[in-house]
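Numbering (the working numbering), first residue to last: 30 to 112. Every residue, glycine too, gets a C-beta built ideally from N, C-alpha and C. Accompanying notes for the structure given below.
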């Protein structure tokens with residue numbers, strides 16, 4: 030049951046990250062929008078949980094970095110003078 034839960038979380042992350050990129054590409058979102066950065070942060074966080082559960086270290090670290098980049102983007106949007 031636990032593995033199925035983390036698989037669903039992983040798929041949610043996949044959908045969020047791919048959707049964010051698609052919406053950026055078709056100009057429904059802008060890179061400097063809270064929505065885009067939030068979709069990447071939540072999506073990457075879901076993928077981190079999935080990768081940790083699966084023991085997939087490269088995938089885990091890729092998504093840790095992805096989430097950190099999204100945090101930097103959000104900080105710059107929320108507090109423009111911080112970055």
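Does the distance from the CB of residue i to the CB of residue j come in under 7 angstroms?
i	j	result
residue 72	residue 46	yes
residue 74	residue 49	no
residue 77	residue 93	yes
Using a 10 Å radius around the Cβ and a threshold of 16 neighbouring Cβ atoms, would you call residue i buried or exposed?
i	result
residue 61	exposed
residue 51	exposed
Check the C-beta distance from residue i over to residue j and give it rounded, since I have them as a contact under 8 angstroms.
i	j	result
residue 66	residue 91	About 17 angstroms; that fails the 8 angstroms criterion.
residue 70	residue 100	6 angstroms
So, at 6 angstroms on beta carbons, what are the nonlocal neighbours of residue i in its own chain, with the 5 sequence-adjacent residues on each side left out?
i	result
residue 81	89
residue 102	66
residue 42	72, 75 and 76
Checklist entry - Which residue spans inside the region 54-108 form an unbroken alpha helix (DSSP H) run of at least 4? => result 63-83 and 86-107
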